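Residue numbers (my numbering), protein chains in the order written: chain A, 55 to 408; chain B, 55 to 408.
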């Protein structure tokens with residue numbers, strides 16, 4: 055289960071405290087993505103040093119490798135990854151709906167072909183709950199029918215309505231698992247979070263929200279709002295301004311692996327010739343290991359000679375950059391200065407036109 | 055310059071203290087290889103945590119990228135890499151003599167073709183000294199004519215005699231650089247170490263040693279002995295038993311990247327099915343970050359999903375394994391128990407026939 059307390063608001067922007075079995079998450083917050091139970095190239099201790107409070111694990115990938123039974127038998131995702139703070143697992147819905155040509159969608163669920171070994175498998179609301187229960191994260195996401203972001207009204211309606219029907223099945227199966235467990239020696243406190251669908255259509259999103267609230271009478275007041283798969287630095291500020299509490303995105307690590315680092319003044323390609331020989335830090339305002347230790351000229355050199363340390367160090371910086379952006383936004387919401395600060399932050403970030 | 059003090063001996067095995075401008079090195083000691091100014095995938099802080107006391111940099115690679123001038127202008131190899139302890143650079147000899155088809159050898163030096171951009175370059179004893187002076191490591195190695203390990207007597211003699219002639223030129227140029235420097239504001243204390251050649255021919259190695267000693271009247275008593283490019287765990291113990299003080303080898307990191315971890319009981323392929331789901335540490339006797347943090351089942355998973363964190367963690371363990379082997383050998387030499395301990399260590403390491 056979870057608690058969520060609103061600490062302060064400024065307009066639509068909110069600062070809150072989400073309390074999960076493995077500890078608190080001060081919001082707004084960026085959540086790094088640990089696709090395979092690992093934030094690409096980074097150990098749990100590394101991620102911990104970025105100030106990240108919660109990691110996302112991917113149910114689809116962990117189901118295929120090593121399999122949820124292996125993780126359950128090793129003591130759950132936290133023990134497996136050695137990450138001691140909260141974890142959240144997605145439902146696998148986004149991944150299986152992204153497997154173009156590898157899937158068949160019906161009311162029961164989705165048949166898909168593993169990208170690893172080609173075997174056919176079926177993911178249903180019930181199976182998604184069973185897998186996530188075995189993984190043992192603090193938060194399990196409901197299994198939803200994902201439609202493309204720009205889906206037409208009819209397709210978006212179909213996905214939205216099916217997502218509501220599937221939410222009933224998710225709740226049913228999750229309740230059975232929790233009841234069976236409480237008869238045994240351990241009571242786990244995993245909670246499921248519903249997902250609002252409806253694409254970009256306001257009427258559908260409102261119906262999705264109403265339908266979800268009808269099914270969730272016990273939701274705490276000031277329910278946390280998690281915008282899945284977002285985003286870039288500016289997206290965080292825009293989302294926070296609209297009342298979002300939690301974000302996840304692979305852009306921090308993916309950009310990092312490609313040598314793109316985020317800076318307060320935009321972004322920079324670490325391979326760029328301008329960095330050659332530079333003894334300056336990557337981002338003089340940043341307190342991450344990369345920026346407080348290594349000169350720009352060395353970071354560039356790591357990419358030139360293709361040493362994986364470079365990917366790691368830029369990923370670390372980018373994660374810290376987003377985590378710190380959440381921390382700064384929270385401080386400004388608490389101080390009542392969020393609007394002016396975020397406007398100035400965005401102006402400076404876009405000044406170079408990137 | 056350097057000092058070397060013998061702390062204890064047991065038979066031919068020696069425990070010593072080598073003092074270099076950036077600090078002491080307790081011997082016998084394993085020196086990790088930082089080919090491009092980085093121990094593959096590891097930052098200076100990571101290497102520091104393995105207990106390594108000195109890192110090797112490759113002159114050939116650093117000359118090509120980023121170039122010795124860039125490193126000099128950034129303040130030298132230590133500033134460039136952020137490694138605060140001693141460094142040693144090889145002369146580039148081994149690399150250019152290994153470039154089959156890309157080189158032309160004469161008395162003046164070696165013309166070779168860059169493996170990076172195809173440009174033709176010449177490395178001479180003088181140039182090797184100039185490059186290493188610019189890199190600014192504590193120890194520069196003399197530029198030697200390297201012959202294959204199994205070279206016949208005639209070729210080994212040619213390489214040995216040329217190495218002695220080149221040593222004169224190395225000393226001459228290194229002295230000029232030091233004199234020019236001492237007229238300026240900084241006096242750097244880099245020293246050059248000669249290299250004994252002669253392949254596997256005892257008579258030639260003896261002549262190489264005698265010729266070297268004639269040219270090095272100021273060598274401290276109990277000169278340190280550095281066996282270049284060695285080795286695997288058992289090679290360290292065999293070398294130490296014969297009086298070697300310092301070792302370097304890429305096997306620790308290369309094996310690590312391929313998923314082979316060294317254990318007291320031999321070695322293990324981390325991808326092996328036997329590790330699946332295991333909550334045991336990789337090496338229960340090891341105090342490295344990998345062994346004290348991550349379960350075997352997670353390490354295997356990292357290799358299965360091809361996350362670079364796995365390469366990093368096994369490299370870290372393998373380096374710590376060799377560094378610790380040096381520490382243990384030193385302790386046993388000081389205690390007078392080296393012979394029995396090393397015999398038992400080798401017996402156990404080879405018990406499984408690997």
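Ideal placement from N, C-alpha and C gives every residue a C-beta, glycine not left out. Keep in mind that this is a model prediction, so the values were computed, not measured.
Using only the alpha-carbon positions, how far apart do residue i and residue j sit?
i	j	result
residue 350(A)	residue 259(B)	45 Å
residue 251(B)	residue 79(B)	25 Å
residue 59(B)	residue 403(B)	31 Å
residue 343(A)	residue 385(A)	22 Å
residue 124(B)	residue 315(A)	22 Å
residue 119(A)	residue 330(B)	11 Å
residue 245(B)	residue 347(B)	40 Å
residue 269(B)	residue 253(B)	20 Å
residue 134(B)	residue 368(A)	17 Å
residue 106(B)	residue 263(B)	29 Å
residue 210(A)	residue 273(A)	25 Å
residue 405(A)	residue 255(A)	32 Å
residue 154(A)	residue 202(A)	12 Å
residue 290(B)	residue 380(B)	8 Å
residue 408(B)	residue 320(B)	Note that residue 408(B) has pLDDT 46, beneath the 50 cutoff, so the model's placement of it is unreliable and the number below is only indicative. C-alpha separation (whole angstroms): 6 Å.
residue 377(B)	residue 151(A)	49 Å
residue 355(B)	residue 72(A)	31 Å
residue 11(B)	residue 91(B)	No answer is possible for residue 11(B): the residues shown for chain B start at 55 and end at 408.
residue 174(A)	residue 82(A)	39 Å
residue 398(B)	residue 318(B)	11 Å
residue 387(A)	residue 86(A)	22 Å
residue 66(A)	residue 295(A)	6 Å
residue 390(A)	residue 323(B)	56 Å
residue 109(A)	residue 197(A)	19 Å
Please check if any C-beta of chain A sits within less than 8 Å of the C-beta of residue i.
i	result
residue 35(B)	Residue 35(B) lies beyond the range of chain B shown here (55 to 408); nothing can be said about it.
residue 371(B)	no
residue 355(B)	yes
residue 304(B)	no
residue 408(B)	Confidence at residue 408(B) is low in this model, with a pLDDT of 46, below 50, so its placement is unreliable and the value that follows should be read with caution. Not one chain A Cβ lies under 8 Å of residue 408(B).
residue 359(B)	yes
residue 141(B)	no
Please check if any C-beta of chain B sits within less than 8 Å of the C-beta of residue i.
i	result
residue 57(A)	no
residue 314(A)	no
residue 365(A)	yes
residue 362(A)	yes
Could you check whether the Cβ of residue i sits closer than 8 Å to any Cβ belonging to chain D?
i	result
residue 144(A)	Among the chains of the structure shown, chain D does not appear; the protein chains present are A and B.
Subject >> Those runs of the beta strand (DSSP E) which lie wholly inside the stretch 207-267 of chain B and span at least 3 residues >> reply: 245-247
Original post:
Is the stretch 326-343 of chain A touching the stretch 271-288 of chain A, taking contact as three or more C-beta pairs under 8 Å?
Top reply: no
**OP:** Indicate whether the contact test is met: 3 or more Cβ pairs, each with one atom in the stretch 182-192 of chain A and one in the stretch 109-123 of chain A, closer than 8 Å.
**Re:** yes
**OP:** Could you pull out every unbroken beta strand (DSSP E) segment of at least 3 residues lying fully inside the stretch 276-345 of chain A, listed in chain order?
**Re:** 300-302, 314-317, 320-323
Original post:
Is there contact here, the stretch 93-101 of chain A with the stretch 391-403 of chain A, by at least three beta-carbon pairs under 8 Å?
Top reply: no
Subject >> Residues of the stretch 89-114 of chain B whose Cβ lies closer than 9 Å to any Cβ of chain A, in chain order >> reply: 89, 90, 91, 92, 93, 94, 95, 96, 97, 98, 99, 100
Subject >> Selection of the stretch 120-137 of chain B by Cβ proximity to chain A, strictly under 8 Å >> reply: 120, 124, 127, 128, 129, 133, 134, 135, 136
Subject >> Contiguous beta strand (DSSP E) assignments of at least 3 residues, all confined to the stretch 126-175 of chain A >> reply: 141-143, 157-159, 164-167
**OP:** Scan the stretch 352-407 of chain A and note each continuous alpha helix (DSSP H) run of 4 residues or more that stays entirely inside, going in chain order.
**Re:** 362-389, 392-404
Original post:
With contact counted as at least three CB pairs below 8 Å, one residue from each stretch, are the stretch 299-307 of chain B and the stretch 262-281 of chain B in contact?
Top reply: yes
Original post:
Quick one: any contact between the stretch 126-145 of chain B and the stretch 70-77 of chain B, if contact means 3 or more CB pairs under 8 Å?
Top reply: yes
Subject >> Residues in the stretch 323-357 of chain B having any Cβ partner in chain A nearer than 7 Å >> reply: 330, 331, 333, 347, 348, 349, 351, 352, 355, 356
Subject >> Sufficient close CB pairs (3 or more, under 8 Å) joining the stretch 358-366 of chain B to the stretch 243-250 of chain B >> reply: no
Original post:
Would you say the stretch 162-171 of chain A touches the stretch 120-132 of chain A, given that touching needs at least three Cβ pairs under 8 Å?
Top reply: no
Original post:
Curious, which full-length beta strand (DSSP E) runs of at least 3 residues does the stretch 64-131 of chain B contain?
Top reply: 67-74, 77-81, 83-85, 109-111
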